[in-house]
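Colleague:
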Amino acid sequence: MPSATLKYAYFPGCVAQGACGELYQSTSALTQALGIELIELKKAACCGSGTFKEDSQLLEDTVNARNIALAEQLNLPLLTHCSTCQGVIGHVDERLKEFQDTDTAYVEKVNGLLKKEGCSPYKGTTEVKHLLWALVADY
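Numbering follows the working numbering, in which position 7 of the sequence shown is assigned residue number 3; successive positions increment by one, without gaps.
Set out below in structure tokens:
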């Protein structure tokens, strides 16, 4: 058991709030029972589950950079329980972190689009974690 309360910016995804409500409920019950604090990202958008990328990599990166930036504003790791969301958001985070060194113009383009919509910029300062990873590594 951790010495301090674990706290995460919680990205529930769209399926857990609709077609798979039991995932949302069981995550809530589990984290409450373990004393893990989840701050739900109420303004987060669907990760796109890979379909955004089919049309535009920039679209997928911008939408998910926004989701990550919401967690960065809270100075917390982004936690999801959906493997699809983890895959999509995690890959976007890895790509943008790499591009901060190799393609700064692309990251600036993403952040320019976020700014245009009144959103915080992506900084690359947090981690994206799946609930199971957090239980194994952090708890």
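C-beta atoms are modelled at their ideal positions from N, C-alpha and C, and glycine is treated no differently.
Please classify D99 as buried or exposed, where buried requires at least 16 neighbouring CB atoms within 10 angstroms.
Modeller: Counting Cβ neighbours within 10 Å, D99 comes out exposed, since fewer than 16 surround it.
Colleague: Express the C-alpha separation of P73 and C174 in angstroms, rounding to a whole number.
Modeller: The chain is shown only over -3 to 135; residue 174 falls outside these bounds and no answer can be derived.
Colleague: Could you tell me whether the segment 17 to 30 touches the segment 53 to 61, where touching means 3 or more Cβ pairs closer than 8 Å?
Modeller: Result no; under three Cβ-Cβ pairs closer than 8 Å.
Colleague: In three-state terms, what does DSSP make of Q5?
Modeller: Note that residue 5 corresponds to Ala in the displayed sequence, not to Gln. Residue state, collapsed to three classes: strand.
Colleague: What three-state label does DSSP hand L156 in the structure shown?
Modeller: Residue coverage of the chain in this structure runs from -3 to 135, which leaves residue 156 outside it and unanswerable.
Colleague: What residue ranges within the segment 53 to 93 form continuous alpha helix (DSSP H) runs of no fewer than 4 residues, ordered along the chain?
Modeller: For the segment 53 to 93, whole alpha helix (DSSP H) runs of length 4 or above, ordered along the chain, are 53 to 70.
Colleague: Looking at C-alpha atoms only, which residue of I35, Y6, L2, A133 is the closest neighbour of H77?
Modeller: Minimum Cα distance to H77 is reached at Y6.
Colleague: Write down every uninterrupted run of the beta strand (DSSP E) in the segment 105 to 130 whose length is 3 residues or greater and which is fully enclosed by it, in chain order.
Modeller: Whole beta strand (DSSP E) segments, 3+ residues: 124 to 126.
Colleague: What's the gap between the Cα of P117 and the Cα of Y102?
Modeller: Rounded to the nearest angstrom, the two C-alpha atoms are 13 Å apart.
Colleague: With the cut-off set at 8 Å, would you say A130 and L66 are in Cβ contact?
Modeller: The answer is no: Cβ separation not under 8 Å.
Colleague: CA-CA distance, C10 and Q53?
Modeller: Rounded to the nearest angstrom, the two C-alpha atoms are 20 Å apart.
Colleague: Going by DSSP, what residue range makes up the alpha helix (DSSP H) through K17?
Modeller: According to the sequence provided, residue 17 is Gly. The question's Lys does not apply to it. 17 to 30 is the span of the alpha helix (DSSP H), which, as asked, contains G17.
Colleague: How many whole angstroms separate the CB atoms of G31 and T1, which I take to be in contact at a CB cut-off of 8 Å?
Modeller: About 6 Å; that satisfies the 8 Å criterion.
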